[in-house]
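Asks:
Residue numbers (UniProt numbering): 1 to 934.
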């Protein structure tokens with residue numbers, strides 16, 4: 001889109017390789033107006049019509065009501081929606097506050113939305129309506145989730161699907177649309193501002209800068225938080241970038257116009273014009289990447305780019321004339337002619353407004369006249385060498401247009417308050433949604449710290465105790481010696497505990513419950529994976545049907561959201577695999593100890609039968625002493641374990657009673673007071689969480705080291721006492737109690753294995769309950785939503801592909817109308833006698849965007865033409881006309897004509913004999929001649 005006469009300049013940097021174009025005859029004539037005349041025109045006392053000047057008047061291009069050379073955004077339309085009822089329902093179901101507490105706020109939010117969506121005219125009163133609703137939307141986004149359940153419906157303003165609404169459950173989508181309409185309002189106010197005065201020009205430039213600022217804010221701050229895989233076509237990154245650059249260009253054009261009217265030097269005006277050209281070029285380049293900006297707008301931007309390139313060079317040439325650089329004047333005027341010629345190429349197809357076309361033609365005439373005069377003077381008088389364009393110094397740029405974000409948009413919270421512009425912040429007494437999320441985060445973090453970092457470590461210490469006891473045969477060896485007959489009291493106590501708990505039944509029921517939980521999780525997971533697989537199969541089927549060139553959307557696993565879901569499915573499969581392995585280990589533990597547990601749960605008689613008695617005998621003093629030491633060390637360890645179990649229960653109870661809500665609400669209120677312009681997010685509570693967890697649970701973590709050291713000391717004492725005990729037993733030759741020791745030890749180990757299995761099953765139950773949320777809300781429900789969107793997208797794409805290709809539509813006079821085409825020779829049966837065009841041409845499609853633009857040029861969409869119309873007088877697009885033809889074969893037959901045979905009909909195909917049938921003088925009809933009507 002660069003002007004060819006400026007591309008080859010060696011001084012152009014990459015960013016400077018953009019060349020100005022211009023929209024007004026002011027560049028051509030204003031420098032010839034007297035200063036007094038310009039001042040009177042600026043003051044509005046006279047117009048150009050009062051001057052006998054060039055027909056491209058200032059009124060026609062710079063002010064009044066004509067706006068043919070500048071563009072504005074149309075409004076997006078929405079439908080009625082009771083946002084208040086949706087918020088009420090959400091508060092009722094998700095919060096512990098009654099919705100009636102916010103009755104007034106609910107009424108206000110509906111009224112704000114009603115006022116905002118009804119802004120349809122370019123009136124300044126609409127600015128506050130849109131800003132107020134946008135500000136309150138930004139505020140309540142911190143109170144409610146983005147997908148609160150409101151189906152916001154908006155119709156596109158640009159593109160070829162303006163009658164097809166986009167419905168999304170997304171509050172950021174609603175905010176994006178409101179800000180879009182605010183930018184549209186600023187642009188329309190700028191267009192409607194009279195630029196016949198200096199103040200009007202300033203106002204228009206400011207309005208265009210504000211429109212560009214709002215679009216910039218949307219692109220940088222709102223779109224990244226949209227969380228939509230398919231943002232609206234007319235609000236994607238390329239479209240917003242193009243529109244922003246367009247309004248900056250039109251704002252810069254106002255500054256250029258002000259400089260012309262005020263009689264600035266030619267060099268300064270050239271710098272301003274060059275920057276205008278740059279901005280139009282940037283807008284055009286981004287527009288070509290957009291699916292929503294029409295061909296007409298792209299042609300307009302390109303034409304203005306070249307026009308201002310020519311205007312800049314023309315002004316630079318005038319400056320050269322003043323400085324007596326006659327050779328450079330000729331070079332720059334030649335460059336200007338080349339630029340304006342490029343601009344005139346955009347007039348093909350009738351896309352440009354008449355004002356823009358007239359400006360280009362007027363500028364071209366003026367530049368050519370000056371070039372002719374300059375060449376003549378230089379050749380005959382000055383004889384200065386004319387430098388080639390590659391040696392021309394690149395024009396400097398003077399940038400005046402800046403994208404200004406209104407403070408009400410950039411910092412909306414500053415305008416919320418009892419006496420503020422937007423009124424009090426709505427739902428301020430409602431606990432923010434982020435606070436609820438923060439509470440959940442804290443509870444999860446607290447439970448993880450208590451269960452995994454403290455309790456689990458204590459359980460590991462307990463396991464070490466029982467591993468050592470099992471290895472050295474405690475307490476079986478002591479019980480066999482201390483009570484050689486009957487059952488030890490501890491064994492009786494353990495057996496009674498298991499009987500009361502129905503240990504076997506409890507374990508089996510727990511296994512059954514876990515199997516049910518696992519099966520339910522797998523069923524939910526398979527429902528999600530089946531939906532994913534079905535969507536992938538549907539997409540592949542459509543891809544095979546239409547071909548990869550036409551079915552252009554990403555494949556299921558290549559789609560951003562789809563790829564995440566397939567990856568999540570793989571992670572969940574890993575969870576199921578690891579849990580199945582863990583379940584198997586627990587079942588093996590149960591199977592290994594089931595027989596002993598049956599004995600413990602049985603009668604005392606069964607226990608006595610399992611535990612053999614040993615003979616009663618006197619023990620020597622040394623053995624008694626060793627037994628006493630071992631019993632004392634063993635009891636010390638048991639007391640340590642008992643204290644530990646009580647400590648675990650106390651920790652769990654304290655964690656259950658740890659209610660953070662009152663404190664976190666105080667912290668949230670403090671944050672809102674300290675940072676009123678910042679929406680609260682869970683990350684803001686990180687320091688608060690850390691301090692609270694350190695205060696409540698850090699002492700327990702520090703105590704683990706002391707606990708471990710104390711246990712290590714006690715276990716070493718047990719090992720020394722047991723070694724002495726075993727040595728005394730060997731000296732006394734006491735071997736008769738070995739079988740009793742082993743039996744008692746097995747039963748004791750089985751009891752502790754039961755406790756271990758119970759703990760494992762509780763962990764498994766919690767795991768599958770947590771997994772249910774992951775596979776349900778976190779996977780299946782998300783998959784269903786994504787699949788529904790993909791299917792809707794596929795239906796829309798199929799409808800588009802099923803429509804007749806644009807290449808079959810033509811406004812050219814060279815194509816015959818539908819009823820005008822007729823077969824020219826006798827043929828075998830055909831689908832129709834009157835085909836609009838060859839079959840091969842009917843089936844041509846244009847999947848590439850470049851071809852699509854070509855199709856747009858040949859057949860403008862009527863919807864686009866009505867919505868993206870130029871402000872001011874609209875140039876009528878070429879209408880289809882029936883071609884004029886004298887061929888009698890294309891005449892519509894009627895009964896009054898009769899039937900004529902032979903004549904000058906088309907030649908029939910040759911017969912086998914090589915003769916040509918159907919001459920003009922034939923009186924006998926030959927079937928090979930065909931039938932001629934009329």
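Note that beta-carbon positions come from the ideal geometry of N, C-alpha and C, so glycine has one too. Everything numeric in this text was worked out from a predicted model, so none of it was measured.
1) On the three-state DSSP scale, how would you describe residue 681?
2) Have a look at 252, 794, 147 and 190 and flag the residue whose alpha-carbon is nearest the alpha-carbon of residue 274.
3) Residue 680: which of 87, 306 and 431 sits nearest, CA to CA?
4) Closest to residue 469 by CA distance: which of 716, 399 and 293 is it?
5) Near residue 746, what residues of its chain come up, given a Cβ to Cβ distance below 7 angstroms and the 5 sequence neighbours on each side ignored?
6) Go ahead and pull the three-state DSSP assignment for residue 22.
7) With H, G and I counted as helix, E and B as strand and the rest as coil, what does DSSP make of residue 854?
8) Residues bridged to residue 153 by DSSP?
9) Distance check for residue 779 and residue 961, CA to CA, integer angstroms please.
10) Residue 78 bridges to which residues according to DSSP?
11) For the candidate residues 122, 139 and 166, whose alpha-carbon lies nearest to that of residue 193?
12) Would you kindly work out how many angstroms separate the C-alpha atoms of residue 206 and residue 200, rounded to a whole number?
13) Using the C-alpha atoms, what's the distance from residue 562 back to residue 786?
14) Quick one: what does DSSP say residue 551 is sitting in, helix, strand or coil?
15) For residue 120, report the span of its alpha helix (DSSP H) as first-last.
16) My guess is that residue 337 and residue 368 are in contact by the Cβ rule of under 8 angstroms, so how many angstroms apart are they, rounded?
17) For residue 87 versus residue 109, is the C-beta distance shorter than 8 angstroms?
18) Looking only at its own chain, which residues have a Cβ that is under 7 angstroms from the Cβ of residue 555, when we skip the five neighbours before and after it?
19) Beta-carbon of residue 780 versus every beta-carbon of chain B: anything under 8 angstroms?
20) Once the 5 residues before and after residue 243 are set aside, which same chain residues still bring their CB inside 6 angstroms of it?
21) Can you look up residue 306 in the DSSP assignment and give me helix, strand or coil?
22) Determine the direct distance from the alpha carbon of residue 188 to that of residue 351, and round the result to whole angstroms.
23) In or out: residue 675 buried (at least 16 other Cβ within 10 Å) or exposed?
24) Residue 694: beta carbon under 7 angstroms from a heavy atom of the ligand SAM?
25) Is the region 412–420 touching the region 216–233 in the sense that three or more CB pairs, one from each, lie closer than 8 angstroms?
26) Can you tell me whether residue 725 is helix, strand or coil according to DSSP?
27) Roughly how many angstroms lie between the CA atoms of residue 709 and residue 652, to the nearest whole one?
28) Can you give the beta carbon distance from residue 300 to residue 363, rounded, assuming they're within the 8 angstroms contact cut?
29) Using CA coordinates, which residue listed in 460, 592, 409 and 610 is at the minimum distance from residue 648?
30) Which runs of the alpha helix (DSSP H), 4 residues or longer, sit entirely within the region 434–472?
31) For a quick check, are the C-beta atoms of residue 490 and residue 741 less than 8 angstroms apart?
32) Quick one: grab the DSSP three-state call for residue 197.
33) Have a look at residue 268 and residue 400 and give me their C-alpha separation to the nearest angstrom.
34) Hey, residue 728 and residue 626: beta-carbon distance below 8 angstroms or not?
35) Among 380, 309 and 567, which one has its Cα closest to the Cα of residue 971?
36) Using alpha carbons as the reference points, say which of 136, 347 and 247 lies closest to residue 72.
Replies: Straight from the coordinates:
1) coil
2) 252
3) 431
4) 716
5) 596
6) Residue confidence is low: residue 22 scores 37 on pLDDT, short of 50, so the model does not pin down where it sits. Its coordinate-derived value is still stated next. It is coil, neither helix nor strand.
7) Since pLDDT at residue 854 reaches only 43, below the 50 mark, its modelled position is unreliable, and the value read off the structure follows with that caveat. Residue 854 falls in the helix class under three-state DSSP.
8) 167
9) This structure gives no information on residue 961, because the portion of the chain shown stretches from 1 to 934.
10) 154
11) 122
12) 10 angstroms
13) 8 angstroms
14) coil
15) Run containing residue 120: none; DSSP gives neither H nor E here.
16) 6 angstroms
17) yes
18) 539
19) Of the chains in the structure shown, none is chain B; there is only one protein chain.
20) 215
21) helix
22) 21 angstroms
23) exposed
24) Annotation note on the ligand SAM: not contained in the displayed structure, which lists no ligands.
25) no
26) helix
27) 23 angstroms
28) So it is not a contact: roughly 16 angstroms between Cβ atoms.
29) 460
30) 456–472
31) no
32) coil
33) 12 angstroms
34) yes
35) Summary: the structure shown does not reach residue 971, with the chain confined to residues 1 through 934, and so no result is reported for it.
36) 247
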